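> Before we start, here is the structure in question, set down as structure tokens.
There are 2 protein chains.
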Amino acid sequence: MITVLTGGTGGAKFVWGLAQVIPPHDLTVIVNTGDDLTWWGLHVSPDLDSVMYALAGKLSRERGWGYDDDSFRCLERMKSLGAESWFQLGDLDLATHLLRTQLLASGKSLTEATAELCRAMNVKPRLLPMSDDPVQTIVSTPEGDLSFQEYFVRERWKPQVTGVRFHGADHAVTAKGVLQALIHSDVILIAPSNPITSVGPILAVPGVRDALRCTTAQVVAISPIVGGAAVTGPAAGMLKMSGLPVSAAGVAQAYRDFLHVLVADSQDESIRGEIESKGVRAMFTNTIMKSDQDKIELAKFALSTVAPEAVR
Amino acid sequence: MITVLTGGTGGAKFVWGLAQVIPPHDLTVIVNTGDDLTWWGLHVSPDLDSVMYALAGKLSRERGWGYDDDSFRCLERMKSLGAESWFQLGDLDLATHLLRTQLLASGKSLTEATAELCRAMNVKPRLLPMSDDPVQTIVSTPEGDLSFQEYFVRERWKPQVTGVRFHGADHAVTAKGVLQALIHSDVILIAPSNPITSVGPILAVPGVRDALRCTTAQVVAISPIVGGAAVTGPAAGMLKMSGLPVSAAGVAQAYRDFLHVLVADSQDESIRGEIESKGVRAMFTNTIMKSDQDKIELAKFALSTVAPEAVR
Chain A
25 MITVLTGGTG
35 GAKFVWGLAQ
45 VIPPHDLTVI
55 VNTGDDLTWW
65 GLHVSPDLDS
75 VMYALAGKLS
85 RERGWGYDDD
95 SFRCLERMKS
105 LGAESWFQLG
115 DLDLATHLLR
125 TQLLASGKSL
135 TEATAELCRA
145 MNVKPRLLPM
155 SDDPVQTIVS
165 TPEGDLSFQE
175 YFVRERWKPQ
185 VTGVRFHGAD
195 HAVTAKGVLQ
205 ALIHSDVILI
215 APSNPITSVG
225 PILAVPGVRD
235 ALRCTTAQVV
245 AISPIVGGAA
255 VTGPAAGMLK
265 MSGLPVSAAG
275 VAQAYRDFLH
285 VLVADSQDES
295 IRGEIESKGV
305 RAMFTNTIMK
315 SDQDKIELAK
325 FALSTVAPEA
335 VR
Chain B
25 MITVLTGGTG
35 GAKFVWGLAQ
45 VIPPHDLTVI
55 VNTGDDLTWW
65 GLHVSPDLDS
75 VMYALAGKLS
85 RERGWGYDDD
95 SFRCLERMKS
105 LGAESWFQLG
115 DLDLATHLLR
125 TQLLASGKSL
135 TEATAELCRA
145 MNVKPRLLPM
155 SDDPVQTIVS
165 TPEGDLSFQE
175 YFVRERWKPQ
185 VTGVRFHGAD
195 HAVTAKGVLQ
205 ALIHSDVILI
215 APSNPITSVG
225 PILAVPGVRD
235 ALRCTTAQVV
245 AISPIVGGAA
255 VTGPAAGMLK
265 MSGLPVSAAG
275 VAQAYRDFLH
285 VLVADSQDES
295 IRGEIESKGV
305 RAMFTNTIMK
315 SDQDKIELAK
325 FALSTVAPEA
335 VR
């Protein structure tokens, strides 16, 4: 049994790679929901969607988010009606949110709604939201607090970040299956997602960090930082704001209380000593996933560091 | 001041014609909401939408319902996800329902939500739902009860109709402005809509029929029945089921307690005597609206029967 903790973008690519190299039914994916938002009255779970679309082979390669070959006709008309339009939902993507919102309104949990969407999209690995309870990642800036999507999409992660907190996390309960997966897995992988705003919310749900510390599983993280910069998104600034080195060593430090192995990019072999000074083993390979083959190779490499027999 | 009572399809065309021949601000349109439904979790008001789209010049001519030049990509994906898909919402049309549902969820009434949608679409006449309260047209068939849209769209009005009732009408309150419009208008027009299932629900809201009986306005109806058959839809069978003649005379009879003039098609001049035996004056013209000019001519004719000075 292999479990991954992940956000969207980079994490979704990595999870796709993993699903190609291990039997999909052996894979549990625990996904950040701190970015979830209510948009046009619909419950949108951007990271769950990215992972689900990636696993269904439908994540737009062009955009890196949303549904493949989507159109934005409804959005254009919403704009012409004066509705907010900075968060873009495509016409095909909308179906996911309409169905999820209906399932939630009918009394299903986010976990159940996710399972139903996965079944409908023929996604075989088990996708779990970190929690069925609302947890909202709040980014503090000198101009005030923003929700993660306001910060990331509307403001294009330009504002200076002075703090990040996870509203509701203290009282959130892990979704059914999350702690079991962490405790009973052979390997736990932390996808190359933002340690602060993608993996951070998952770690903030009571019980998750404790389970990672006490599980007998080997815990392997893939660094989203390469050569002192984030592959995509605001991870570098987030690490800096958190007082962590902006490097693979900073990622190791963020996870040091439970991490066994950090997979970093070959470019960063020079900081092996700094990474290993955090008490984790450093392994190096190409971590930049441009092609499908890159994703598969990275997944294989990450698994091979602790469980070479798990790779098909 | 001129007020129209209307359903969708034929009524929407007629209302468009009216808006071309009188100042739009002098026009109040009271619309059937007995066909409203919750679809994919959204509040859909088919007749309000048809009238609004017609007035905005956006009603699909090709289909006679929905938004002009629409696409159905979200619908196709909903279908592939296993959602119900017999009621078709286009990608552009969806924006209306998303916005309406959000406005209602924020505490606005259907009247307020309609006004906001009309403002956003630059629709000048005043559109009023018959009521802000839910009224559901239920069609009884030998196989059981159906909502109007189940009967009309899903079953393509094939089932035998044994009865029609308006669930919730007894306790519904007319929307703000409805009774005022009926009492203070100079002319009230009943659009060429189904007397039983389009105009019937409006008449079933307490106070409407009384206001029509006691208003000083001249009341003119346009017959949706031409030569013993409905121009579109199930009006003929509905009249028959209600024990009314399937003819313009049946329409006159349905409205006889408040109607002054029935505008019927020139084809029906032979039944003038039968119509006038119901106590209403019969006037004849072409009532089949194929072109925009037809709609304008019919509106002018209907007004000219009682208020020739009202026509621009």
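These protein sequence lines map, in sequence, to chains A and B.
Following this note's numbering, the numbering of the first sequence begins with 25 at its first residue and continues without gaps.
Following this note's numbering, the numbering of the second sequence begins with 25 at its first residue and continues without gaps.
Each residue gets a CB set at the ideal place from its N, CA and C atoms; glycine is no exception.
As the structure is a prediction and not an experimental result, all values here were calculated from the model.
Taking B/Ser95 as the query, report the chain A residues whose CB atoms sit under 8 Å from its CB, ordered along the chain.
Numbered from 1 along the second sequence, position 71 holds the residue referred to as residue 95 of chain B. Those within 8 Å of B/Ser95 in chain A are Ser95, Arg97 and Asp115.
> Could you give the first and the last residue of the continuous beta strand (DSSP E) run that contains A/Ile54?
Counted from its first residue, the first sequence places residue 54 of chain A at position 30. Unbroken beta strand (DSSP E) run through A/Ile54: Leu51 to Val55.
> Comparing alpha-carbon positions, which option in A/Ile320, A/Glu333 and A/Ala326 lies nearest A/Val45?
Locating residue 45 of chain A in the first sequence gives position 21, counting from the first residue. Selected option, being the one with the closest Cα: A/Ile320.
> Under 9 Å, Cβ to Cβ, is there at least one residue of chain A near B/Gly88?
Within the second sequence, residue 88 of chain B is the residue found at index 64, counting from 1. So no, B/Gly88 is outside the interface.
> So what does DSSP say about B/Leu283, is it helix, strand or coil?
On the second sequence, residue 283 of chain B is found 259 positions in, with the first residue counted as 1. Residue state, collapsed to three classes: coil.
> Kindly list, in the order they appear in chain B, the residues whose Cβ is closer than 8 Å to that of A/Leu123.
Position 99 of the first sequence, counted from the first residue, corresponds to residue 123 of chain A. Correct list: Trp64, Met102, Leu105 and Ala107.
> Per DSSP, which one or two residues make a beta bridge with A/Leu105?
By 1-based counting over the first sequence, the position of residue 105 of chain A is 81. In the DSSP output, where bridge partners are listed per residue, A/Leu105 has none listed.
> By how many angstroms is the C-alpha of B/Lys302 removed from the C-alpha of B/Ser9?
The first residue shown for chain B is 25 and the last is 336, placing residue 9 of chain B beyond what the model contains.
> Which same chain residues, not among the five before or five after B/Asp342, have their C-beta less than 6 Å away from its C-beta?
What is shown of chain B runs 25 to 336, which leaves residue 342 of chain B out entirely.
> Check whether the Cβ of B/Tyr91 lies closer than 9 Å to any Cβ atom in chain A.
Counting from 1 along the second sequence, the entry for residue 91 of chain B is found at position 67. Closer than 9 Å to some Cβ of chain A, the Cβ of B/Tyr91 qualifies, so yes.
> So A/Thr240 is in the beta strand (DSSP E); what residue range does that whole segment cover?
Translated into positions along the first sequence, residue 240 of chain A becomes position 216. No beta strand (DSSP E) contains A/Thr240, which DSSP labels as neither H nor E.
> Determine, using beta carbons only, whether B/Leu151 comes closer than 9 Å to chain A.
Reading the second sequence from its first residue, position 127 is the one you call residue 151 of chain B. By this cut-off, B/Leu151 is not an interface position.
> For A/Val211 versus A/Val39, is the C-beta distance shorter than 9 Å?
Here residue 211 of chain A corresponds to residue number 187 of the first sequence, with the count starting at 1. Here residue 39 of chain A corresponds to residue number 15 of the first sequence, with the count starting at 1. No, they are not a contact pair.
> Looking at the unbroken beta strand (DSSP E) that takes in B/Asp73, where does it start and where does it end?
Within the second sequence, the letter at position 49 stands for residue 73 of chain B. Where B/Asp73 is concerned, there is no enclosing beta strand (DSSP E), although the alpha helix (DSSP H) it sits in stretches over Pro70 to Leu79.
> Kindly list the residues whose CB is nearer than 8 Å to the CB of A/Leu66, restricted to its own chain and excluding five residues on each side of it in sequence; keep chain order.
The sequence position of residue 66 of chain A within the first sequence is 42, counting from 1. Hits under 8 Å: Leu113, Leu118, His121, Leu122, Arg124 and Thr125.
> If you count every other CB in all the chains shown that lies within 10 Å of the CB of A/Lys324, and 16 or more means buried, which is it?
As a working note, residue 324 of chain A is residue 300 in the first sequence. Label assigned to A/Lys324: buried.
> So, does the CB of B/Leu141 fall closer than 9 Å to a CB anywhere in chain A?
Counting from 1 along the second sequence, the entry for residue 141 of chain B is found at position 117. So, interface residue.
> For B/Thr221 and B/Met262, which I take to be in contact (beta-carbon distance under 8 Å), what is that distance rounded to the nearest angstrom?
On the second sequence, residue 221 of chain B is found 197 positions in, with the first residue counted as 1. On the second sequence, residue 262 of chain B is found 238 positions in, with the first residue counted as 1. Confirmed, Cβ separation roughly 6 Å.
> Between the C-alpha atoms of A/Leu322 and A/Asp93, what's the straight-line distance to the nearest angstrom?
As a working mapping, residue 322 of chain A is identified with position 298 in the first sequence. As a working mapping, residue 93 of chain A is identified with position 69 in the first sequence. Approximately 26 Å between the Cα atoms of the pair.
> What do you get for B/Ala306, buried or exposed, if any count of 16 or more other CB atoms within 10 angstroms of its CB means buried?
To locate residue 306 of chain B, count along the second sequence from 1; it is residue 282. Classification for B/Ala306: buried.
> Are A/Val275 and A/Pro248 close, meaning C-beta to C-beta below 9 Å?
Numbered from 1 along the first sequence, position 251 holds the residue referred to as residue 275 of chain A. Numbered from 1 along the first sequence, position 224 holds the residue referred to as residue 248 of chain A. Result yes, Cβ atoms of A/Val275 and A/Pro248 sit closer than 9 Å.
> According to DSSP, A/Thr125 sits in a beta bridge with which residue or residues?
Within the first sequence, residue 125 of chain A is the residue found at index 101, counting from 1. A/Thr125 pairs with nothing; no bridge assigned.
> What would DSSP say about B/Gly224, mapped onto helix, strand or coil?
Start at 1 with the first residue of the second sequence, and residue 224 of chain B comes out as number 200. Three-state result, B/Gly224: helix.
> Which chain A residues sit within Cβ distance under 7 Å of B/Gln126?
Position 102 of the second sequence, counting from 1, holds the residue named residue 126 of chain B. The contacting residues are Trp64 and Gly65.
> Beta-carbon within less than 7 Å of B/Leu151's beta-carbon, same chain only, minus the 5 sequence neighbours each way: which residues are those?
In the second sequence, counting from the first residue as 1, residue 151 of chain B sits at position 127. Closer than 7 Å at Cβ, skipping near neighbours: Val53, Val55, Leu72, Val75, Met76, Thr138 and Cys142.
> Would you list, in chain order, the members of the region 226 to 238 of chain A that have their beta-carbon closer than 9 Å to a beta-carbon of chain B?
So nothing in the stretch comes that close.
> How is A/Thr33 classed by DSSP in three states: helix, strand or coil?
Looking up residue 33 of chain A in the first sequence gives position 9. Of the three classes helix, strand and coil, the one that applies to A/Thr33 here is helix, per DSSP.
> Do you know offhand how far A/His103's Cα is from A/Arg178's?
Within the first sequence, numbered from 1, the residue matching residue 103 of chain A stands at position 79. Within the first sequence, numbered from 1, the residue matching residue 178 of chain A stands at position 154. Residue identity check: residue 103 of chain A is Lys in the sequence provided, not His. Using only the alpha carbons, I get a separation of about 15 Å.
> Spell out whether any CB of chain A is found under 9 Å from the CB atom of B/Met145.
On the second sequence, residue 145 of chain B is found 121 positions in, with the first residue counted as 1. So, interface residue.
> Taking the continuous alpha helix (DSSP H) assigned at A/Phe325, which residues delimit it?
On the first sequence, position 301 is the one that residue 325 of chain A refers to. Run containing A/Phe325: Asp316 to Ser328, per the alpha helix (DSSP H) assignment.
> Taking the alpha-carbon positions, what's the B/His284 to B/Glu300 distance?
Position 260 of the second sequence, counted from the first residue, corresponds to residue 284 of chain B. Position 276 of the second sequence, counted from the first residue, corresponds to residue 300 of chain B. Cα to Cα, the separation comes out at about 10 Å.
> Have a look at B/Ala199 and B/Ala254 and give me their C-alpha separation to the nearest angstrom.
One-based indexing of the second sequence puts residue 199 of chain B at position 175. One-based indexing of the second sequence puts residue 254 of chain B at position 230. Roughly 29 Å between the two C-alpha positions.
> Report yes if the C-beta distance between A/Ala144 and A/Ala78 is below 9 Å; otherwise report no.
Position 120 of the first sequence holds residue 144 of chain A. Position 54 of the first sequence holds residue 78 of chain A. Their beta carbons are not under 9 Å apart, which means A/Ala144 does not touch A/Ala78 by this criterion.
> Can you pull the chain A residues whose beta carbon is under 8 Å from the beta carbon of B/Ala129, in chain order?
Position 105 of the second sequence holds residue 129 of chain B. Result: Gly65.
> Would you decide whether B/Asn218 is buried or exposed? Buried here means 16 or more other CB atoms lie within 10 Å of its CB.
Within the second sequence, the letter at position 194 stands for residue 218 of chain B. So B/Asn218 ends up on the buried side.
> Are the beta-carbon atoms of B/Trp149 and B/Pro216 separated by less than 9 Å?
For the purposes of this step, residue 149 of chain B is taken as the residue at position 125 of the second sequence. For the purposes of this step, residue 216 of chain B is taken as the residue at position 192 of the second sequence. The residue asked about is misnamed: residue 149 of chain B is Pro in this sequence, not Trp. No, these two residues do not count as a Cβ contact at 9 Å.
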